[in-house]
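Single-structure report; data block below.
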Amino acid sequence: MVERYVMSVDQGTTSTRCMLFDHGGRLVSVTQREHKQHFPRPGWVEHDAMEIWKNLERIAPEALAQAGVVPEQVAALGIANQRETSVLWDRHTGRPVGRAVVWQDTRTDALVGELSARPDADMIRERCGLPIATYFSAPRVRWLLDNTPGLRERAERGDVLFGTIESWLIWNLTGGPKGGLHITDVTNASRTLLMNITTLAWDDDLLAFFDVPRAMLPEIRPSTETYARASRVLPGVRIAAALGDQQAALFGQTCFAPGEAKCTYGTGSFLLLNTGTEPVPSTHGLLTTVGYQIADEPAVYALEGSIAITGALVQWFRDGLGLIASAPEIETLARSVEDNGGCYIVPAFSGLFAPYWRSEARGIIVGLTSYITKGHLARAVLEATGWQTREVVDAMNADSGLALKALKVDGGMTADNLLMQFISDVLDVPVIRPMAAETVSLGAAYAAGLAVGYWADLEGLRRNWHRAAQWLPSMDPGRRETEYDNWRRAVERTFDWIKPAGK
Amino acid sequence: MACVPGPVQSIERAAAILRLLARGSGRLGVSEIAASLGLARATAHGILRTLQGVGFVEQDEESGKYQLGAALLHLGTSYLDVNELRSRAINWADALAARSGEAVRIGTPLDGRVLVVHHVFRPDDTLQALEVGALLPAHATALGKVLLAFDAGAAAALLETGLESFSRRTITHPRELSRALVEIREMGWASEVEEFTVGEAAVAAPIRGQGGLVVGAMGISGAVERLCDPRGRPKPTLVTYVRDAARAVSRDLGASRW
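As given, the protein sequences belong to chains A and B, one line each in that order.
Numbering follows my numbering, with no gaps: position 50 of the first sequence is 50.
Numbering follows my numbering, with no gaps: position 36 of the second sequence is 36.
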């Protein structure tokens, strides 16, 4: 019998990766290609959607070749993608209209200010589960429609289509201008500010509020379902799942029961808590989002704590300050001292996300004395990730009425033992890393495999999950309280740094 | 070896380039270096690129000129940060644990012992404690014997201080250890059967960096009855998993031949 595999595509912020997994959920091959980051103005971040598509065209066959596999052996393809990044393209030519506007882009901050000041702005959070912020898709689409001559008319006629990255890839995989399927999955749609979080459909009031024409929107589909067979790149392969990357990680960590949570540590960090089949509104600065929807079953919701800058602070320490040669060396440098020496770094580089949502905040280093060395700064860099996690977990406990008992972690920063121990110390719960660190890709593969019957059920997936490492809390409670208090005082000092225009 | 070969010309030239850059006149361009040493430009460029690859020279991004590299200053100390090693090995260590069903450890040498720099739990979800930071005796563990086998200086130093006994099967005789190390070099892997802890066995293989330098050891450990056949020898499939994983990490670290 010929061995069969599931392929996953993780279209991330800096690169696109393609992986093959076997039935045991084990990694068989991996290929990767980075794409260019465009920064045309301060605060603007763009990607070339065509470059991303070309990268996929290249790495998908490479992943097959690496494992000696033909497309017929691929049971299904699942896609995980960077969320909120918005692409507009011409339905007839298949060419993107300008570059994709990335989730980190803050060009819409003035527009977001205007929209938030409207009297009917209060209904937004209630209707879609999200605050109005530059982070989400709708203000970007509105900005593009307002600032590109003639675009609104083309969008209203349905000649120009909108999509997040998974829509763009699926449309291209299924033929592009020749009959490409224009769909999005419910998790990605839940990040636009345009979807009703209860009905899981585009909401007329939200569309009117942001002035986005319905004709340009993709059809909303479940996260796992055989959407179509690919006609290009992987001809005949069933495209059977799409999820936002953080939701894919939730799936890959097999957080299938209410109360189960995971945190993925990358450029930013995202903590998602499964809250079951009812959306839980947040009063503590978290997002209500869709975790996943399996075929025609009820959707499973999640509360999300989004932290904009964690790994990116280590990258800045390496590239901006040049104090280390590689990211993992931050641990070596941090271990050269006993503690932070009284120094705290709050990385509000583009404002603060959860639980504050303060776009006018900017980063600071406080507690500087002549005693402070680069070792203390390295500690403060790692501790910033720990404390930001603590703030999000506190908000999560308050919103859900449950106390988190353990935190499942994944992502590149989980290789840092000092950081993982610190997170366990400040949360006062065990921190657990699973055996497969590539949970985003694994989650997309699991979802696709589930859709086509490659894996029978969620219980089968759960049995593939194994603990690879665990850190237990060991910090003195008094010290934890003092340090947390210092951190919160440091955070307060970042507020109101950027003054409103004209003042 | 039947005959002793003469000096290697390209190494002599590389040494001359390093001496030239060390003279303290700042950065030099490839043409200046070629002209100073009477080399063809392409030859000088090839040597500079190789020296740059091992970190002995650095190229200034803007001017394209060369200077001595930071790696030269740290020749005596470990050139690979242990946290970097863990970060580069983590996916392969996970895969090894998943395939073998056993706990995985990565060790580096520290003051004659083995420092555990990475540990993946045995994938059976039983309660296990993270052993990162633990120190193991070199002569009584598979990880340690791999490190000793590829570092003659460390092995000689250990033989002088004496070999402590941990169980009936610990190698405590210097000649016996020397013989074991020769065998490990020939086979490319090491094992430990109840030499440190009664009832436990382990298999380890070297992780190599650029040029083949051994920078660490990676292996599995667990109950003797799971790791060994009835005659008390490590199961060949497990040995293959360990060697493949160590080779995969080595490839990622830039060791080309292993």
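Note that beta-carbon positions come from the ideal geometry of N, C-alpha and C, so glycine has one too.
It should be emphasised that the depicted structure is a prediction, and the values quoted were computed from it without experimental measurement.
query                                                                                                                                                                    : result
Establish whether the CB of VAL376 of chain A and some CB of chain B are separated by less than 8 Å.                                                                     : Looking at the sequence provided, one finds His at residue 376 of chain A rather than Val. Answer no: the Cβ-Cβ gap between HIS376 of chain A and chain B never drops below 8 Å.
In whole angstroms, give me the CA-to-CA distance for ALA354 of chain A and LEU147 of chain B.                                                                           : 47 Å
Counting contacts by CB-CB distance shorter than 8 Å, is ILE90 of chain B in contact with chain A?                                                                       : yes
List the residues of chain A that PRO123 of chain B touches, going by C-beta distances under 7 Å, in chain order.                                                        : MET435 and HIS466
First and last residue of the alpha helix (DSSP H) that includes SER100 of chain B?                                                                                      : 82-100
Let's see if you can read the secondary structure: which residues bound the alpha helix (DSSP H) around THR50 of chain B?                                                : 41-53
Classify ALA263 of chain B: buried if its beta carbon has 16 or more other beta carbons within 10 angstroms, exposed otherwise.                                          : Because residue 263 of chain B is not part of the residues shown, which for chain B are 1 to 258, the question remains open.
Name the chain A residues whose beta carbon is nearer than 7 Å to that of GLU84 of chain B?                                                                              : SER326, PRO328 and GLU329
Using only CA atoms, which one of B:ASP124, B:GLY53, B:VAL193 and B:GLN59 lies nearest to GLY100 of chain B?                                                             : Reading off the sequence shown, one finds Ser at residue 100 of chain B, where the question assumed Gly. That would be B:ASP124, whose Cα lies nearest to the Cα of SER100 of chain B.
Let me check one thing: in DSSP terms, what residues is HIS259 of chain B bridge-paired to?                                                                              : The structure shown does not extend to residue 259 of chain B, since chain B spans only 1 to 258, so no value can be given for it.
Using 8 Å as the limit for Cβ to Cβ distance, is ALA67 of chain A near chain B?                                                                                          : no
Can you check which of these residues, B:LEU80, B:ALA97 and B:LEU127, is closest to THR108 of chain B by C-alpha distance?                                               : B:LEU80
State the Cα-Cα distance for the pair ARG251 of chain B and ASP244 of chain B, rounded to the nearest angstrom.                                                          : 10 Å
In terms of residues, what are the limits of the beta strand (DSSP E) holding GLU492 of chain A?                                                                         : Careful: GLU492 of chain A lies outside any beta strand (DSSP E), inside the alpha helix (DSSP H) at 477-492.
Decide if SER137 of chain A is buried, meaning its Cβ has at least 16 other Cβ atoms within 10 Å, or exposed.                                                            : buried
Is DSSP giving GLY502 of chain A helix, strand or coil here?                                                                                                             : Any answer about GLY502 of chain A is weak, because its pLDDT of 47 lies below 50 and its placement is not dependable; what the coordinates show is given next. DSSP places GLY502 of chain A in coil when its eight states are reduced to three.
Using DSSP with H/G/I as helix, E/B as strand and the rest coil, what is THR288 of chain A?                                                                              : strand
Take TRP143 of chain A and list the residues in its own chain whose beta-carbon comes closer than 7 Å to its own, dropping the five residues that flank it on each side. : ARG107, THR108 and LEU111
Return the CA-CA distance between SER424 of chain A and ALA295 of chain A, expressed in angstroms with no decimal places.                                                : 36 Å
Measuring only the C-alpha atoms, how far is LEU28 of chain B from GLU51 of chain A?                                                                                     : 38 Å
When the cut-off is 8 Å and only beta carbons count, does ILE196 of chain A lie next to chain B?                                                                         : Correcting the residue identity first, residue 196 of chain A is Asn in this sequence and not Ile. No, because no Cβ of chain B sits closer than 8 Å to the Cβ of ASN196 of chain A.
Which of helix, strand or coil does DSSP assign to CYS263 of chain A?                                                                                                    : strand
Does the distance between the C-beta of PRO434 of chain A and the nearest non-hydrogen atom of the ligand NAP fall short of 7 Å?                                         : Among the ligands in the structure shown, none appear at all, so the ligand NAP cannot be discussed.
Touch check for the segment 260-273 of chain A and the segment 404-411 of chain A: three-plus C-beta pairs under 8 Å?                                                    : yes
Using 8 Å for Cβ pairs, my map puts LEU271 of chain A next to GLY305 of chain A. What's the rounded Cβ distance?                                                         : 4 Å
Within the 8 Å Cβ cut-off, does THR332 of chain A reach chain B?                                                                                                         : yes
What residues in its chain sit with their C-beta under 7 Å from that of ARG358 of chain A, if we drop five residues either side in the sequence?                         : GLY351, LEU352 and PHE495
Return the CA-CA distance between GLU156 of chain A and ALA215 of chain A, expressed in angstroms with no decimal places.                                                : 6 Å
Please classify LYS408 of chain A: does DSSP put it in a helix, a strand, or coil?                                                                                       : strand
Does DSSP classify TRP202 of chain A as helix, strand or coil?                                                                                                           : strand
Would GLN470 of chain A pass as an interface residue toward chain B - the criterion being a Cβ-Cβ separation below 8 Å?                                                  : yes
Excluding sequence positions up to five away, which residues of its chain have a Cβ less than 8 Å from the Cβ of ARG480 of chain A?                                      : ASP425, VAL426 and ASP428
Helix, strand or coil: how does DSSP classify ILE207 of chain B here?                                                                                                    : strand
Mind checking whether PRO279 of chain A and THR198 of chain A have CB atoms under 8 Å apart?                                                                             : yes
Please decide whether VAL54 of chain B counts as near chain A, where near means a Cβ-Cβ distance under 8 Å.                                                              : no
Scan the segment 23-42 of chain A for residues whose Cβ lies nearer than 9 Å to a Cβ of chain B and list them as they occur along the chain.                             : GLY24, GLY25, ARG26, LEU27 and VAL30
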